[in-house]
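Below is one structure, written out as structure tokens; the observations come after it.
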Amino acid sequence: MTDKAKNQTQRKMSELSRINQYAAVIAAFWTFAACASMLWGFQLQRNGIITLAKSQARAAFQKDILYRKWSADRGGVYIRANEATPPNPYIPENAREIETSGGEKLTLVNPAYMTRQVHEMGTDENGVFGHITSLNPIRPENAPDEWETEALKLFEIGEKEAVTAVKTGDGGALRFMRPLTVEAGCLKCHASQGYKLGEIRGGISVMVPLKPLKESVRSHLTAIAAGHSALWLFGIVAIASGARTIRRETKQRLKDEAALKASEEFLKKSQEIAHVGSWSLDLSDNSITWSDEVFRIFGLEPGNIAPTFDAFLELVHPEDRGQISEAYEKAIKSHELTEIVHRIITPAKRTRTVRQKAFMADAVGGGARIVGTVHDITEQQVYEESLKMSRKLWEDTFNAITDVVLVIDREFKILKANRIAEDMFGSDRIVGAKCHELFHGQDSPRPWCPALSVSDTKESRRVQMKEEYLGGRWFDYSAHPISDEVGNVTQIVLVARDITEKKRAEEEAARTASLNELLLDSFPHPAMLIDKNKKILAANRIAKKMGAAQGESCWSSFAGMARAPGNGDAGKGVAALSACSHHCDFCLAEKAFADMESKQDSNVGLKGGIWDTHWVPVDENTYLHYAVDISEIRKAEEALRKSERDLAIRNRIADVFLARSSGDDMFAETLEVVRKELGSEYGYFGYIDEKGDFVSASMTREVWDVCQIPEKTNVFPKDCWNGLWGRSLIGKRTIFSNEPLKVPQGHVPLDRAVAAPIVYSGKLIGQLALANKKDDYTDNDIRLIDSITEYIAPILHFKLTAEREERDRRKAETAIRSIIEGTAATTGKDFFRSLAKNLAQALSVKYALIAEYPADAPGKARSLSFWAGNGFADDFEYDLTGTPCAEVLESGKDICYFPKSVRELFPDDVDLAKMGAESYLGTLMMDSAGKRIGHVAVLDDKQMAFDPDTRRILKVFAARAQAEIERLGAEEQLKRHRDRLEEIVAEKTVELEKANQAVFQTMKYQMVARLSMGLSHEIKNPLAIMKTHAELLETNEAVANIGDEEISYSLSVLLKQIDRISTTLDNLRILSREKASEFKNIEIKSMIGEVIKMFYPALRKAGITARQSYAEDAPSIIEADETKLMQMLTNLVFNAMESMSERGGKLTLSLDSLESGRLVQISVSDTGRGISKDNIKKVFDPFFTTKSGGTGMGLAICAGMAEDHGGSISVESAEGEGATFRLTLPASQSATKRNGEKA
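The structure is reproduced here in structure tokens:
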């Protein structure tokens, strides 16, 4: 078998195998789809069981609610008592049974009793079990089980429904429960339990057995299984039959293709045989012999012409006859094969082109002869011309394609590229390169490359990918094979279309569609897009929940919501929907389209409420239809009308609270307003004092006058709170009774009463009570009084708090006044003695101690003053171990308090026994650095009370003692520092003055010559001398022995400023831009503080006050050159200080944020001489100065540095009114660079 036959056999087997594989895959997919569909059907049936059970449970609940409402509205019903309905023991006896005039006994069936009996009947008939339950049931049998308890707790926090499927022994059940709220009719039986209207009283629990429902769907499951099995079997048979048919047709097709291929090969070989005629020329007689093919080529019939050389020349085109003679002569002379192409003219006057080959044949039989062939190449020449034109057309078309087109070999090397590819990658590097090097910058093709699989599959492939290597552009790649005559892929055409803009457009369209959908879904009301034919194009989630369905008619989707108008509704309603007109009677869509403007109907009544409905045209064929449920607004309007009474009362009460500063008047007038509004004879209004007792600040005068109880009082301790008003205070809830109350002997009689607590932030702060209304107190009265107390609560809280704070303030002022009066003219020892005595008197204690902790004696305390009741004791030092003072130190508590038995608690402290101390109160003293420096303590020979006032007084005295201790220490330390510093400054002043003089001389000379280079060189020398002396001073042993931080800091600042001056001199070259800035993150607020601190001694000496001001959004970190920024700030501050040197003033450094944080502005303001109008334009010019000793370089350098930062500097000033320099810089230099690159 040949290789070709083997390939054909392998191809045949491969295609048949592929058909079998496809059939198997389709069968597997069909099996999966059938199984999935069957399982989905099973799941829908199972879900339907739960849905049906929920429906039954909700129906049972709604039925119970209707029974209860019917019974509650009628106050219950009386029926004959029997075994099925015995008298209810939980109904009061006086209402439980009645007897008819005929003597028949009837028993009362209240709503709960009726519900229970209906549940029992329902359980017997259909298996659905239900009962009423509560966390606080009257009837013990109504107590909830564990599941019901959890559901009731969820209702209390806002849940509306509880549903759970549970397992039981008979097939499972669905448990369902909804809450019951307290209504007016419920309070007849449940008011004694403390319930209020609207509260969750309990719930109705329903259990639906699932076994009957499961049995009802079992037949459906069997039918689904059988149907799907039959459908699956039919599909399998169809797939097998189709596969068999395809295999048979494939075999025949392959056979026909093989035969066609053989025929094509034979035809191809036949076409390769050239049609050539032969001739010979006898030179002896000039005769010529032609074959039949020559006659045919020349358009002649054999025998019609004598074939002579002259006759042949007559057929040759006149212009080519000379070539014929030359060619023949050449053949005769050279005896070599000669070839010539020439034209002939046939008898039919047609010009044809032929190719002749001739050579001189050896003489046979004596005569010389030329033999040759003639080949008609007219068609070939036409073909070649056509091929040439086709190639040119192909080249032009190839280069005109706007996509990148490459011809590559199987090694991915580029053989040819069109002009677009050459422009994109460069004509000098594209041919010979590999395509993956150009597109991906990699040494090998990517796994998804379409050219990879084309060689094997011999089929075109297409893929879209994003090329990060080419700037994130998207390309649509397609690869197409070029095969040789035997079908082997030799080359591949790779086309790459740039689809970046298309992708961006698609992404933008997707984002727009998503945004439109999101906007529709984000609409807080039902909304739909509808076309002119009333078809819903799109609907948001809310509309879908209400019945809207895409593709449906809008009127039919909401047909279920239609209702007849009237029935007491405010809306006009929807009449019967018209089947012929297909629209709702309130629809304004046609008018909206006709006018192309929005239409609105704000009074549409549908099931569920009143709706404000809108029709908004979007375009000529679409409109937006949405509706806003205004039912609650209507209800709120009604509630608003009902609350006018409440508001009027609140306004009158507010007038009382605002107009009355006296507490008694406020309580009395408020009580009078409420009493009159509710028509009550008596009442009182009071508050809870600091001890927790109730104080009746105002009571109806008649009660006080008529009351005959001895030892009448208006203060009621908590342990005597009882009765209706006491229960109200303890339970923090409103309690009322329309029955006569039991009162003490001599108390005014109370027929009816209500007591309402006043609670603020959960804390009881007062009570308002009324009594003896002519008729019963109603639920509206209770709601009103609750509203009043809720309104009063924050006002009363504020009043009480203000009064208490005022008392505390006065007490603290008294203590502070005693400190000031006792210590105003004293310091040191006398100060501490006066402070200790005043502390003991302020707290009414016998002993007061102020002690410090000496640094040279750890664990010990040294008394600064000790008041011993009738005089001062001598100062002493003692060990803190075993004393109450040690508790203050070791615990680190703010206050250490031992109210009694302090001697027993610290038996090792013998001084406590000597003093007979019973109680102790102490607090630590901390210095400004947080170091413990001592304590203040008071002791007494009796128990000591401790309240917030005592705490504040003790802390005030301790703070004053601490300040005096720190002041004395600071004075001593300052004196030592000042003495030593004066010595050091005196020694170095001469050297610094010499160095400053050298700097001045150098600047003066170099400004005349080369400023930038020479000035820097000459000043650095004296700076080096200054730095050397400063470093010597810093390392001087005498200075080091002082150990003073301020001196060390001053030397550190001096060295730092010397270094900064040196750097500043280098930066003078900024004017010529010779040195680049070095940017880094800088804490700008810290730098501003450092500049003020650096100039502080000079500012204080000049009488200048300095302050810092930072805007709330001002940044803490900016990106800048630290040296240059410091130089700019110091130049500006120095100039401001000089401007105010004669008369002092105010210096302000402020920091602001501009352009949403992109820029930061530093302002330096002074109250000095200011700048004239003539000079303000020249202040930033180099060498301009108004000072005799100035160089005029400072502000010019600042302007150059600001420009280097990408910022600017400006000034605002008027002569005699100070000046403000504003330095504006970018907060981030990297952002500035990016903006510069974009520009």
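Just so we're aligned: the sequence shown equals residues 269 to 1507 in our numbering.
The C-beta atom is built at its ideal place from N, Cα and C for all residues, glycine as well.
Since the structure is predicted, the reported quantities are computational estimates derived from the model, not experimental observations.
{"Item": "Secondary structure, alpha helix (DSSP H): runs of 4+ residues fully inside the region 1087–1172", "Value": "1096–1111, 1152–1159"}
{"Item": "Cβ pair TYR358, CYS457 closer than 9 angstroms", "Value": "yes"}
{"Item": "Exposed unless 16 or more other CB atoms sit within 10 angstroms - verdict on HIS1518", "Value": "Nothing in the structure corresponds to residue 1518, since the chain is present only between 269 and 1507."}
{"Item": "Cα-Cα separation between LYS373 and PRO355, rounded to whole angstroms", "Value": "10 angstroms"}
{"Item": "As assigned by DSSP and simplified to three states, the class of ASP696", "Value": "coil"}
{"Item": "Enclosing beta strand (DSSP E) for PRO447 [first to last residue]", "Value": "441–449"}
{"Item": "Under 9 angstroms between C-beta atoms of ILE1352 and SER1496", "Value": "no"}
{"Item": "CB contact flag (VAL386, ILE347, <9 angstroms)", "Value": "no"}
{"Item": "As assigned by DSSP and simplified to three states, the class of TYR1317", "Value": "helix"}
{"Item": "Counted within 10 angstroms of its Cβ, other Cβ atoms place VAL1170 as buried (16 or more) or exposed", "Value": "buried"}
{"Item": "Local Cβ density within 10 Å of PHE502, reported as buried at 16 or more and exposed below that", "Value": "exposed"}
{"Item": "ILE1352 - partner residues in DSSP beta bridges", "Value": "Bridge partners of ILE1352: none, in fact."}
{"Item": "Alpha helix (DSSP H) segment containing ASN667, residue limits", "Value": "646–668"}
{"Item": "Rounded C-alpha distance that separates GLY640 from ARG611", "Value": "17 angstroms"}
{"Item": "Local Cβ density within 10 Å of GLY470, reported as buried at 16 or more and exposed below that", "Value": "buried"}
{"Item": "Own chain partners of GLN1230 with C-beta closer than 8 angstroms, once the 5 adjacent residues on each side are dropped", "Value": "MET1193, MET1194, ASP1195, ILE1201, GLY1202"}
{"Item": "Between the CA atoms of PRO1494 and SER1421 - distance to the nearest angstrom", "Value": "10 angstroms"}
{"Item": "Exposed unless 16 or more other CB atoms sit within 10 angstroms - verdict on VAL1401", "Value": "buried"}
{"Item": "Residue of GLY700, VAL672, ILE366, GLU949 minimising C-alpha distance to MET692", "Value": "VAL672"}
{"Item": "Sequence-distant residues of the same chain with beta carbon closer than 7 angstroms to TYR335, five excluded per side", "Value": "MET382, THR383, VAL386"}
{"Item": "For TYR358, the three-state DSSP class (helix, strand or coil)", "Value": "coil"}
{"Item": "Where PHE300 falls, given that 16 or more other Cβ within 10 Å makes a residue buried", "Value": "exposed"}
{"Item": "Option nearest ASP914 by Cα separation, candidates ARG1051, PHE854, GLY877, PHE962", "Value": "ARG1051"}
{"Item": "LEU478 - DSSP class collapsed to helix/strand/coil", "Value": "coil"}
{"Item": "Entirely enclosed beta strand (DSSP E) segments - the region 325–358, minimum 3 residues", "Value": "345–348"}
{"Item": "DSSP-derived helix/strand/coil call for GLN1325", "Value": "helix"}
{"Item": "Neighbourhood of MET796 by C-beta distance below 6 angstroms, restricted to the same chain and skipping five residues each side", "Value": "ILE804, ALA807, ALA811, ALA816, HIS893"}
{"Item": "Classification of GLN1035 by the beta-carbon crowding that lies within 10 angstroms, buried from 16 upward", "Value": "buried"}
{"Item": "Cβ shell of LEU284 (< 8 angstroms), same chain only, five flanking positions each side left out", "Value": "ARG515, THR518, LYS519"}
{"Item": "At least three beta-carbon pairs within less than 8 angstroms, the region 1429–1436 to the region 1480–1488", "Value": "yes"}
{"Item": "Beta bridge counterpart(s) of TRP742 as assigned by DSSP", "Value": "LYS734"}
{"Item": "Pairwise C-alpha distance: LEU403 and THR432", "Value": "19 angstroms"}
{"Item": "Option in ASP752, LEU1038, ALA292 with minimal Cα separation from PHE953", "Value": "LEU1038"}
{"Item": "Cα-Cα separation, GLN1265 to LYS1455", "Value": "Its pLDDT being 46, under 50, GLN1265 is placed unreliably by the model, and the measurement read from it follows with that caveat. Computed Cα separation, rounded: 17 angstroms."}
{"Item": "DSSP three-state assignment for MET1408, whether helix, strand or coil", "Value": "coil"}
{"Item": "Bridge-paired residues (DSSP) for PRO1025", "Value": "GLN1035"}
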